[in-house]
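Here's the structure we're looking at; comments come further down.
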Amino acid sequence: MRIVIATQNYFQPNNGQAVFVAHLAEGLASDGHQVLVMTPSDRRRAYTTTQGRVRVEAITALSLAPWYPDVYVTFRPQKEVARLLESFAPDIVHIQDHFPLCRSVVRAARQRRLPLIGTNHFLPENIIPFVPVLSRSARCRRWMERLLWRMVLRVFDKMGLATAPTETAAALLRRQGLVVPVYAVSCGVDLDTYRPDPSVDRAALRRRYGLSPDRPILFFVGRVDREKRLDVLIEALPQLEPAAAQLAIAGRGRDLAALQAQAQRLGLADRVVFVGFVPEADLPALLNSVDIFAMPSEAELLSLATLEAMATGLPVLAANARALPELVENGVNGYLFRAGDAGDAARRIDQLLCEQHRWGAMGAASLAKARAHSLQNTIRRYEELYHQTLALSAPALAANAPLANPPSSA
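If you count the sequence shown from 1, position 69 lands on 88 in the working numbering, and the numbers rise without skipping.
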């Protein structure tokens with residue numbers, strides 16, 4: 020099968036959508052499919068590269084620096100997109116968002132009557148916090164949320180079918196009024212890479228990243244941006260005994276300076292460690308060197324970082340928000356706290372610290388849950404959906420009729 024995948028994010032190692040697309044593309048290519056990924060160029064100019072067996076076409080783009088130095092957007096990419104679709108001649112096109120490049124890919128694919136499916140990774144909460152003037156008003160936030168969802172639906176209503184990473188995410192699309200069927204398909208976790216590894220030298224990894232050799236480590240990895248709500252964890256720490264635990268925050272992002280200032284203001288210099296970017300090669304071992312994974316975000320449609328931590332056998336502390344309750348079960352593999360509530364986060368952290376004797380059982384429960392999200396299962400499921408879409412679209416295309424919708428899995 021010849022597959023085009025279009026995505027806003029591909030080159031960003033801290034971005035869950037980018038990691039998922041890379042894993043999906045490489046997995047499909049390993050299964051013998053020919054895969055072409057289109058994404059905005061991180062060099063501004065167009066170029067072609069190969070990652071493993073995947074051909075990547077970086078489309079001419081504009082940088083949003085200095086406001087968002089890691090964001091690139093395409094401007095009028097129609098000619099590049101049309102040329103690539105004509106030369107590659109895909110059997111199916113799979114978009115990952117509703118942003119400008121994917122909108123152009125959808126238009127060009129529909130003109131060529133190519134079957135389309137789309138995966139949504141977006142929530143309005145990913146955008147609204149970065150519009151400071153409008154986001155201060157509840158009325159403006161509601162207006163922005165409706166507008167942003169309308170933009171999503173305008174693109175995804177043109178799909179043959181849609182997918183989302185969890186049942187929570189799929190139900191959210193249905194509630195917004197998406198007219199095509201929506202399937203829940205996990206982003207998947209590589210269980211060969213992320214696994215419990217007793218051979219890891221925990222002390223050496225902690226020394227390398229400046230972590231306490233003997234205190235319990237509460238660990239976060241991901242984008243250090245406002246919607247991740249890391250401020251809640253920092254605010255929770257002073258409510259615990261000074262030697263109770265150390266918080267390690269790994270990653271880069273726009274909120275880093277503000278969080279460092281918050282930790283300094285609260286006198287937490289030795290209790291909060293900003294690890295910086297962790298190379299992918301180090302991350303499995305580092306996860307095996309810490310004690311509890313923390314995900315305080317209120318805007319997760321899955322959280323690949325949490326899944327990777329669970330696959331290494333860690334208990335999890337997470338906000339009771341969006342899809343995180345699908346991953347974390349109170350008292351089984353960790354605890355949920357009230358989203359945005361530092362006091363409740365402190366209570367749950369203290370509960371976990373008092374139950375150190377249960378960390379092994381909680382970690383085993385995390386691993387069992389992670390196995391249901393195997394990356395191999397994800398790749399097989401997308402192959403099934405591609406074949407299903409192709410089979411159902413063939414009669415419609417032959418009759419020059421609109422693409423038929425497959426039956427809903429809701």
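Ideal Cβ placement from N, Cα and C applies to all residues, glycine included.
Problem set entry | Inter-stretch contact (C-beta, 8 Å, three-pair minimum) for the segment 159-179 and the segment 327-338 | Segments in contact, no.
For this session: Compute the Euclidean distance between the alpha carbons of L441 and E260, then round it to the nearest angstrom.
Result: The requested residue 441 is not part of the displayed model; the chain covers only 20 to 429.
Exercise. With a CB to CB cut of under 7 Å and the five nearest residues on each side skipped, what residues in its chain are close to L422?
Worked result: Taking the first residue of the sequence shown as position 1, residue 422 is located at position 403. Unreliable placement is indicated for L422, whose pLDDT of 49 sits below 50; the coordinate value is still reported in the next sentence. The beta carbon of L422 sits closer than 7 Å to those of P134, G179, S412 and A415, all from its chain and outside the five residues before and after it, given in chain order.
Exercise. Would a C-beta distance cut-off of 8 Å place A15 and L323 closer than the cut-off?
Worked result: As displayed, the chain neither begins before 20 nor continues past 429, which places residue 15 out of reach and without an answer.
Problem set entry | alpha helix (DSSP H) runs wholly inside the segment 23-74, at least 4 long, in chain order | 35-49
Exercise. Under the three-state reduction of DSSP, which class applies to I146: helix, strand or coil?
Worked result: The residue given as residue 146 occupies position 127 in the sequence shown. Looking at I146 - three-state DSSP - the assignment turns out to be coil, as it is neither helix nor strand.
Exercise. Any heavy atom of the ligand HEM within a distance shorter than 7 Å of the CB on P143?
Worked result: For the ligand HEM, the structure offers nothing, since it holds no ligand at all.
Exercise. Along the chain, where does the alpha helix (DSSP H) that runs through P303 open and close?
Worked result: By one-based count along the sequence shown, residue 303 stands at place 284. From DSSP, the alpha helix (DSSP H) with P303 extends over L302 to L306.
Exercise. Opposite F94 in the DSSP bridges: which residues?
Worked result: Against the sequence shown, residue 94 aligns to sequence position 75. Bridge partners of F94: none, in fact.
Problem set entry | Close beta carbons around T185, own chain, < 8 Å, minus the five adjacent residues each side | The residue given as residue 185 occupies position 166 in the sequence shown. Counting only Cβ-Cβ distances below 8 Å, and skipping sequence neighbours, we find A203, S205, L320, L321, A342 and E345.
Problem set entry | Cut-off 7 Å between Cβ atoms - residues of its own chain near V171, not counting five sequence neighbours on either side | Working through the sequence shown from its first residue, we reach residue 171 at position 152. Excluding sequence positions up to five before and after V171, its CB lies within less than 7 Å of the CB of H117, N139 and F141, all in the same chain and listed in chain order.
Exercise. Apart from the five residues just before and just after E327, which ones in its own chain have a Cβ nearer than 6 Å to its Cβ?
Worked result: Residue 327 sits at position 308 when you count from the first residue of the sequence shown. If we look at E327 and ignore the five residues flanking it on each side, its Cβ neighbours are V208 and Y213.
Exercise. Going by Cα to Cα distance, which pick from H376, D61 and W168 is closest to L192?
Worked result: On the sequence shown, residue 192 is found 173 positions in, with the first residue counted as 1. When only C-alpha atoms are compared, the closest one is W168.
Exercise. Going by the CB atoms, is the gap between N307 and V219 shorter than 8 Å?
Worked result: Residue numbering aside, residue 219 sits at position 200 when the sequence shown is read from its first letter. Residue numbering aside, residue 307 sits at position 288 when the sequence shown is read from its first letter. Yes, the Cβ-Cβ distance between V219 and N307 is below 8 Å.
Exercise. Hey, out of Q97, Q130 and V309, whose CA is closest to W378's CA?
Worked result: For the purposes of this step, residue 378 is taken as the residue at position 359 of the sequence shown. Per the Cα distances, V309.
Exercise. Per the contact definition of three or more C-beta pairs closer than 8 Å, is the segment 48-62 in contact with the segment 87-105?
Worked result: yes
For this session: Report, in whole angstroms, the separation of the C-beta atoms of I78 and T93, which I expect to be a contact under 8 Å.
Result: Here the question's residue 78 lines up with position 59 in the sequence shown. Here the question's residue 93 lines up with position 74 in the sequence shown. At roughly 5 Å, the Cβ-Cβ gap stays under 8 Å, so I78 and T93 are in contact.
For this session: Please confirm whether R248 and E317 have their CB atoms less than 8 Å apart.
Result: Within the sequence shown, numbered from 1, the residue matching residue 248 stands at position 229. Within the sequence shown, numbered from 1, the residue matching residue 317 stands at position 298. In this structure, E317 lies closer than 8 Å to R248 by Cβ.
For this session: Please go through the segment 162-247 and give each complete beta strand (DSSP E) segment of 3 or more residues, from N-terminal end onward.
Result: 180-183, 201-203 and 236-240
For this session: Let me know the secondary structure DSSP gives H113 once reduced to three states.
Result: Translated into positions along the sequence shown, residue 113 becomes position 94. Reduced to three states, the DSSP call for H113 is strand.
Exercise. Which word fits R95, buried or exposed, when buried means at least 16 other C-beta atoms lie within 10 angstroms of its C-beta?
Worked result: The residue you call residue 95 lines up with position 76 of the sequence shown. Exposed.
Problem set entry | Where M20 falls: helix, strand or coil (DSSP) | Working through the sequence shown from its first residue, we reach residue 20 at position 1. Note: M20 maps to coil in three-state DSSP.
Exercise. So, V243 versus V297, is the Cβ gap smaller than 8 Å?
Worked result: For the purposes of this step, residue 243 is identified with residue 224 of the sequence shown, where counting begins at 1. For the purposes of this step, residue 297 is identified with residue 278 of the sequence shown, where counting begins at 1. Not in contact: V243 and V297 (Cβ atoms no closer than 8 Å).
Exercise. Does the distance from the CB of V294 to the CB of A269 come in under 8 Å?
Worked result: Here residue 294 is taken as the residue at index 275 of the sequence shown, counted from 1. Here residue 269 is taken as the residue at index 250 of the sequence shown, counted from 1. Yes, they are a contact pair.
Problem set entry | Rounded straight-line distance, which links the Cα of A380 to that of R221 | The count along the sequence shown starts at 1 and reaches residue 221 at position 202. The count along the sequence shown starts at 1 and reaches residue 380 at position 361. One Cα belongs to R221, the other to A380, and the distance between them is close to 20 Å.
Exercise. Looking only at its own chain, which residues have a Cβ that is under 7 Å from the Cβ of L372, when we skip the five neighbours before and after it?
Worked result: Position 353 of the sequence shown holds residue 372. Only P235, A263 and A264 meet the Cβ criterion.
Exercise. Which full runs of the beta strand (DSSP E) of 3+ residues lie inside the segment 262-332, going along the chain?
Worked result: 265-269, 291-295 and 311-314
Exercise. CA-CA distance, A429 and T408?
Worked result: As a first step, residue 429 must be located in the sequence shown, where it is residue number 410. As a first step, residue 408 must be located in the sequence shown, where it is residue number 389. At A429 the pLDDT is 35, less than 50, meaning the model places this residue with poor confidence; the figure from the coordinates comes in the next sentence. Taking the straight line from one Cα to the other gives about 17 Å.
For this session: Between the Cα of E299 and those of T26, I24 and N33, spot the shortest distance and give me the residue it belongs to.
Result: Along the sequence shown, one-based indexing puts residue 299 at 280. Checked all of T26, I24 and N33; the closest Cα to E299 is N33.
Problem set entry | CA nearest to the CA of A41, picked from G71, R225, L83 and G196 | Your numbering for residue 41 matches position 22 in the sequence shown. Of the candidates G71, R225, L83 and G196, the one whose C-alpha sits nearest the C-alpha of A41 is G71.
Problem set entry | Residue from M57, V73, A389 and L278 with nearest C-alpha to D50 | Counting from one through the sequence shown, the residue named residue 50 turns up at place 31. Closest option to D50, Cα to Cα, is V73.
Problem set entry | Cβ-based neighbour list, A313, same chain, cut-off 7 Å, excluding 5 preceding and 5 following | Taking the first residue of the sequence shown as 1, we reach residue 313 at position 294. The residues are L237, F238, F239, L252 and L336.
Exercise. Applying the criterion that 16 or more other CB atoms from any shown protein chain within 10 Å of the CB defines a buried residue, is P426 buried or exposed?
Worked result: Looking up residue 426 in the sequence shown gives position 407. Caution applies to P426, whose pLDDT of 41 falls short of 50 and renders its modelled position unreliable; the value that the coordinates give is listed next. Exposed, by the Cβ-count rule.
Problem set entry | Contacting residues, own chain, Cβ-Cβ under 8 Å from A340 (five flanking each side not counted) | Within the sequence shown, residue 340 is the residue found at index 321, counting from 1. So the list reads S316, E317, A318, E319 and A358, once near-sequence residues are dropped.
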